[in-house]
Amino acid sequence: MGREKVQPHCMVCKKPFKRNDMVHTDTMFTQIQHVKCFIYNPEFIKDTGTYEEIVNKYLNYQKNFIVSDNPVTNVTVVSALKGNR
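Numbering (my numbering), first residue to last: 429 to 513.
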């Protein structure tokens, strides 16, 4: 039985990623962040592209992440994330 895929959110702005959002992955934690939200120094950028391109490029992301134009958001998760600010 396969694991359920998740809809990841930007760790900075807490918004779910949409298919064509421009994102960076980082070299330290392999997180995905929107290009406009990236909080690390430029030397820590591992890769850049649309969210869909990045997910399809890396097997671990493909196995775990949903790619959609209309991301399904779990209100409980989003609320919990916003509470951590």
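The beta-carbon is built from N, C-alpha and C at its ideal position, and this holds for glycine as well.
Distance check between K464 and each of E432, Q490 and T453 places T453 closest, using alpha-carbon atoms only. The alpha-carbon of V495 is positioned some 13 Å away from that of Y486. For a cut-off of 8 Å, the C-beta gap from F445 to M456 is around 19 Å, too long to register as a contact. When secondary structure is reduced to three states using DSSP, Q490 falls in the helix class.
For K464, no alpha helix (DSSP H) encloses it, and the DSSP letter there is neither H nor E.
A check of alpha carbon separations from V451 across K474, K433, E432 and N488 identifies K474 as the nearest. About 5 Å separates the CB atoms of Y479 and D449; that is less than 8 Å, so the two are in contact. Taking the Cβ atoms as the reference, V434 lies roughly 16 Å from Q461, outside the contact range of under 8 Å.
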